[in-house]
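Engineer: By the numbering used here, the letter at position 66 of the sequence shown is numbered 499, and the numbering carries on one by one without gaps.
All residues carry an ideal CB built from backbone N, CA and C; glycine is no exception.
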Amino acid sequence: MSHLSILVIHLSMAPKRKQPAATPAPKAAPKRRSKLAKENDLTAEEEAEIQEAYNLFAHESDEGPILDHADVRRCLIALNAPPTDQAEMKEILDTIDPDDAGYVDYEHFVAVAALKLHSRHEDPGAQDEELFTKGEERDITLHDLRRVVKELREDVPDNVLKDMVREATGGGLGAIGTGDFESVMRRAGVFN
Numbered sequence: 434m435s436h437l438s439i440l441v442i443h444l445s446m447a448p449k450r451k452q453p454a455a456t457p458a459p460k461a462a463p464k465r466r467s468k469l470a471k472e473n474d475l476t477a478e479e480e481a482e483i484q485e486a487y488n489l490f491a492h493e494s495d496e497g498p499i500l501d502h503a504d505v506r507r508c509l510i511a512l513n514a515p516p517t518d519q520a521e522m523k524e525i526l527d528t529i530d531p532d533d534a535g536y537v538d539y540e541h542f543v544a545v546a547a548l549k550l551h552s553r554h555e556d557p558g559a560q561d562e563e564l565f566t567k568g569e570e571r572d573i574t575l576h577d578l579r580r581v582v583k584e585l586r587e588d589v590p591d592n593v594l595k596d597m598v599r600e601a602t603g604g605g606l607g608a609i610g611t612g613d614f615e616s617v618m619r620r621a622g623v624f625n
């Protein structure tokens, strides 16, 4: 046998090279805060929440996405940071649109939304309930749910809203008290 034959036999009997072990996919790095988020003391998650709400109501223009004055309130409501009254809403619009152009760009909206997010009540139940009752000390009704759905431009069938009230009240279509509201929100995972 020639040396070449021995080498070929030896190589054919050599163990095959193993494929390198698959390395686990790198974990997604936590989102980094943008310059705008840092300027407004926002976390990346808070900025994403603001951007999502803004994009929900914004429309395209030559300057990029803009928010009409009428949609600023809706956007703040979607962020669960509604203006407390008309005077505050006017102050917000005067601040973010001093030229009264009728629209607001994202950068200006972020500044106000950040302030509103930072000033939210510590009690999330009180803030959410206030959204439905417009700050009045009363129970939440089916009418309140319909109004909020309409303000947020959502398409929720009436039978779903009625089911929500039944769930909160234990089967009836009456008004939802504070305790019932908080209980439903906790079961839904909205409150901790």
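Can you tell me whether residue 509 is helix, strand or coil according to DSSP?
Structural biologist: Helix at residue 509.
Engineer: The beta strand (DSSP E) spanning residue 537 covers which residue range?
Structural biologist: Per DSSP, residue 537 belongs to the beta strand (DSSP E) from 536-538.
Engineer: May I ask you to report which of helix, strand or coil DSSP gives residue 590?
Structural biologist: Three-state result, residue 590: coil.
Engineer: So the beta strand (DSSP E) residue 526 belongs to, where does it begin and stop?
Structural biologist: Looking at the DSSP string, residue 526 is not in any beta strand (DSSP E); the run it does join, the alpha helix (DSSP H), is 519-529.
Engineer: Is the region 565-579 touching the region 588-596 in the sense that three or more CB pairs, one from each, lie closer than 8 Å?
Structural biologist: Yes: at least three Cβ pairs fall under 8 Å.
Engineer: Classify residue 606 as helix, strand or coil using the three-state DSSP reduction.
Structural biologist: If DSSP states are grouped into helix, strand and coil, residue 606 belongs with coil.
Engineer: Considering only the beta carbon of each residue, do residue 475 and residue 511 sit closer than 8 Å?
Structural biologist: For residue 475 and residue 511, no; Cβs fall outside 8 Å.
Engineer: In terms of residue numbering, what span does the beta strand (DSSP E) encompassing residue 499 cover?
Structural biologist: That run of the beta strand (DSSP E) goes 497-501.
Engineer: Can you give me the C-alpha to C-alpha distance between residue 541 and residue 470, rounded to a whole angstrom?
Structural biologist: Those two C-alpha atoms are separated by around 12 Å.
Engineer: If you measure between the beta carbons of residue 565 and residue 581, is that distance less than 8 Å?
Structural biologist: Yes; because the gap between Cβ atoms is below 8 Å, this pair is in contact.
Engineer: Given that a residue counts as buried once 16 or more other Cβ atoms are within 10 Å of its Cβ, and exposed if not, what is residue 484?
Structural biologist: With 16 or more Cβ atoms within 10 Å of its Cβ, residue 484 is classed as buried.
Engineer: For residue 522, tell me which candidate among 601, 546 and 538 has the shortest Cα-Cα distance.
Structural biologist: The shortest C-alpha separation from residue 522 is found at 546.
Engineer: Taking the alpha helix (DSSP H) that residue 480 falls in, what are its first and last residues?
Structural biologist: Run containing residue 480: 477-490, per the alpha helix (DSSP H) assignment.
Engineer: Would you check if the distance between the CB atom of residue 501 and the CB atom of residue 539 is smaller than 8 Å?
Structural biologist: No. Outside cutoff.
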